[in-house]
Amino acid sequence: MPLSPLRPPRAVCIVVLGLIVSLLAGCQHSPREESAKAPAPPPPPLPRVSALYEEELRQVLNLARAGDWDEAITQAGSLYVLEPQDPTIQRVYNWVLSESERRQEKALEAEIRDIEARDSRFNPTLGSIFFDPRSRGLPLSNRLRNVLDEIDRTPLIPDSYGRVIEQQGRLHDWRERRGRMEEILEQPVTVQLDDVTLESIIFNIGRSEGINFVADRAMPAFQQRLSINLQDVPMREFLDYVSRNMNVYFQIGDNLVWVVDSQEKKQLFEETRFYRLRQGFVMPAQFGASEATQVTTRERDRETVTRTEKIEQFVRDGAPDEPTIEAAIKQFFTGSSYMIDYERNLIVARGTRDQLRVLEQIIEEFDQPVQQVLIEARFITVTEAAFLQLGVSWETGRDPLAQQRSPIDFTGFGTNVGLGLEETFTRVFGRENLSATLTALEQTGESQTLSAPRLTVINNRPARISDGKTQFYYEEYQVSQTILERRSSSTLVPKGRPTKLTSGVSLDVLASIGGDGESIMLALNPRVSQDVQLVTFATVSDRDEDGRLVSSFDIRLPESRDQELSTRVVVRSGETVVMGGVVEREQSTFTEAVPILGNIPILGAAFRKKTEFDQPRYLLIFVTATLLSERGEFIVRN
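Residue numbering for the sequence shown follows the numbering used here, beginning at 44 and increasing consecutively.
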């Protein structure tokens, strides 16, 4: 039978309807009850901010509350001028300034955002859709823009970078100023005395010549008797004689002369002086110890510690471990102590005036600029025709018949050759002749410049400059064999350290400047190494039981063509010495043939032409030595 839907009981519906009516009645308010409520109490009065300037400060705050920041700043500034020490006025004045600036920046940022919002990805226009690049990004955020602006305002490179200033070194005259007593002691005196004690001689001469002697009369030397006869002799020489023979030391001050016993070192008056050097030191160019080992040995009651350090020198010019000025001070300065500060070019010494005077003489002689020489070298190869033409050019202007030597005798050694050209020579000439010679070489088109190094050396210190390619190879190998089932396998294992092999050009030079400041003695060792290659010296092969080759290893050794010269020569500043005569033969073969026909066997020889060239080339080495001043100018003596 069909089921009818269930219906809620009638009583339940009546109860729910009553509850809804009661809730609606509870949500209504009577207008009479609202009017019966009491009015809200007024807000409490604001506390006072200042006892003297309450009204003025309230006016400033009200202007700020109303947004009139310019007027607020003006009135707050007037109060700050009247009472700059009042803490309340200071706080209000600083707050108005900072808050006004913050609000201005905020308003500016809002304006920028508004302008950028009109031209952004989120507000496209017809033109931006068609013409804006696809890589255009979103606008920067406020925080990122502030960071970028701060980076622009803060310079990463200091203002002093790249700036050139002219500064004079802190140099002063370290020489001792001569006092009044020293000037008096240099004046000649005339004294004739016979059998008189030293005490009487000293004080009588001092009284007559105005010399202030201070001494202990109980010294034994004062009781010795002398007979003197001085005629226009400086008083210092007499005091030196007494000091050497009677164990008396005269210490000369500005206004007094102390007479003390030379055997009593404690009685000597010593001074401490500082000397700032003008020049630097020639020190060993080396780094600190890269390796250090320490070995301690004990024998009975003695303990011996041996420390070994490995030091690497990056300029091996034989510079002494200690500068020459320090060696001279050690040998000739007899003061009590001294110290040298190499970083500040400072010498601190303690001793008597006479001892310090010796030290000043040492400093005066050794604290001088080190002489320098600019070395310019040119390595050039020329053909035989150009070589002979240069020989003719260098002979121009010289009358060989008026000379006692032969035309090629540029070294001073006589020979018996005639006036014809020779293919080996050595000559010294000036800058003008050198320029003309190099110009002639360039115009011929038959020359090749291998290298043109330049370097500056100091007097009597060797130097080297090189340009080329460096290779390494092993000179010793060990053969390691592995025995297999039916055959053996061999492997070459290098032994020791690899040997360095350099190809290219190099120049070793040592310049010794003469005492006349004009002549320069050069020790030269130019070297040219070409065609460097590793050729097979021996081959180690492994074969199987059938005799077939399995593996092989080649032992290679270097092969090169070296051209080297070692000599000494004396030149003047600005002159050039040229060395030559080393011959290298350049051999080449060219084949010219008719296409296709030249490749036919037997008959092709009629359509081919082979040309062989055998051309000698000469190596010329030009070396120019020029003296340099302390400031870098060229020094050429007339």
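Positions of the beta carbon are idealized from the N, C-alpha and C atoms, including for glycine.
Computed from a predicted structure; not experimentally measured.
{"Check": "How is VAL234 classed by DSSP in three states: helix, strand or coil?", "Outcome": "strand"}
{"Check": "Would you say ARG287 faces chain D, with C-beta separation under 8 Å as the test?", "Outcome": "Here chain D cannot be found, since the structure has a single protein chain."}
{"Check": "Can you tell me whether VAL139 is helix, strand or coil according to DSSP?", "Outcome": "helix"}
{"Check": "How big is the Cα-Cα spacing for ILE295 and PRO412?", "Outcome": "33 Å"}
{"Check": "Quick check: the Cα distance between ASP384 and GLN398, rounded to an integer number of angstroms?", "Outcome": "20 Å"}
{"Check": "Grab me the residues of THR653's own chain with a C-beta within less than 6 Å of its C-beta, minus the 5 sequence neighbours each way, in chain order.", "Outcome": "Per the sequence shown, residue 653 should be read as Lys rather than Thr. Only THR634 meet the Cβ criterion."}
{"Check": "Bridge partners for VAL302 per DSSP, in chain order?", "Outcome": "ALA258 and PHE293"}
{"Check": "What's the call for ALA115, buried or exposed, on a 16-neighbour Cβ count within 10 Å?", "Outcome": "buried"}
{"Check": "Quick one: complete alpha helix (DSSP H) runs, 4+ long, within the region 377-428?", "Outcome": "396-409"}
{"Check": "List the residues that DSSP assigns as beta-bridge partners of TYR516.", "Outcome": "THR542"}
{"Check": "Do ALA420 and LEU608 come within 8 Å of each other at the CB atom, strictly closer than that value?", "Outcome": "no"}
{"Check": "Beta-carbon within less than 8 Å of GLY361's beta-carbon, same chain only, minus the 5 sequence neighbours each way: which residues are those?", "Outcome": "ARG504 and PRO505"}
{"Check": "Look up GLU618 in the DSSP assignment and say whether it is helix, strand or coil.", "Outcome": "coil"}
{"Check": "CA-CA distance, ASN298 and ILE227?", "Outcome": "10 Å"}
{"Check": "Among ILE423, ASP259 and GLN329, which one has its Cα closest to the Cα of VAL621?", "Outcome": "ILE423"}
{"Check": "Expressed to the nearest angstrom, what Euclidean distance is found between the alpha-carbon atoms of VAL135 and LEU106?", "Outcome": "12 Å"}
{"Check": "Just how far apart, CA to CA, sit PHE665 and TYR517?", "Outcome": "35 Å"}
{"Check": "Is it right to say ILE418 is buried, meaning 16 or more other beta carbons lie within 10 angstroms of its own, or is it exposed?", "Outcome": "buried"}
{"Check": "Going along the chain, which residues of its own chain have a beta-carbon closer than 6 Å to the beta-carbon of PHE677, five neighbours each way excluded?", "Outcome": "THR669"}
{"Check": "SER555 and ASP574: beta carbons closer than 8 Å?", "Outcome": "no"}
{"Check": "Can you find the residues in the same chain that come closer than 7 Å, C-beta to C-beta, to GLN310, ignoring five residues on each side of it along the sequence?", "Outcome": "VAL303 and ASP304"}
{"Check": "Among the candidates PHE330, SER270, ARG343 and MET262, whose CA atom is the shortest distance from the CA of GLU307?", "Outcome": "MET262"}
{"Check": "In this structure, does DSSP put MET326 in helix, strand or coil?", "Outcome": "coil"}
{"Check": "For GLN147 and ASP113, I'd like the C-alpha separation in whole angstroms.", "Outcome": "11 Å"}
{"Check": "Let me make sure I understand the geometry here. Which of PRO277, PHE317 and ALA264 has the alpha-carbon closest to that of SER286?", "Outcome": "ALA264"}
{"Check": "Just how far apart, CA to CA, sit GLY331 and THR351?", "Outcome": "13 Å"}
{"Check": "Can you check which of these residues, THR340, GLU355, PRO90 and PHE357, is closest to THR349 by C-alpha distance?", "Outcome": "THR340"}
{"Check": "If THR395 sits next to PHE312, beta carbons under 8 Å apart, how far is it from one beta carbon to the other, in whole angstroms?", "Outcome": "7 Å"}
{"Check": "When you compare only the Cα positions, how much space is there between ARG448 and SER546?", "Outcome": "In this prediction, ARG448 scores a pLDDT of 41, lower than 50, which makes its location untrustworthy; the coordinate-derived value is nonetheless stated afterwards. About 39 Å."}
{"Check": "Determine the contact status of VAL548 and VAL416, defining contact as a CB-CB distance below 8 Å.", "Outcome": "no"}
{"Check": "So if DSSP puts ASP597 in a beta bridge, which residue, or which two residues, is it bridged to?", "Outcome": "THR582"}
{"Check": "Give a yes or no on whether the C-beta atoms belonging to VAL425 and ARG591 are separated by under 8 Å.", "Outcome": "no"}
{"Check": "Taking all protein chains shown into account, do 16 or more other C-beta atoms lie within 10 angstroms of the C-beta of VAL207, making it buried, or fewer, making it exposed?", "Outcome": "exposed"}
{"Check": "Are the CB atoms of LEU320 and ILE390 nearer to each other than 8 Å?", "Outcome": "yes"}
{"Check": "Relative to the C-alpha of GLU252, which residue among ASP192, ASP111, PRO231 and ILE368 is closest?", "Outcome": "PRO231"}
{"Check": "With distance defined between alpha-carbon atoms, name the residue in SER532, GLN606, GLU489 and ARG680 nearest to GLU588.", "Outcome": "SER532"}
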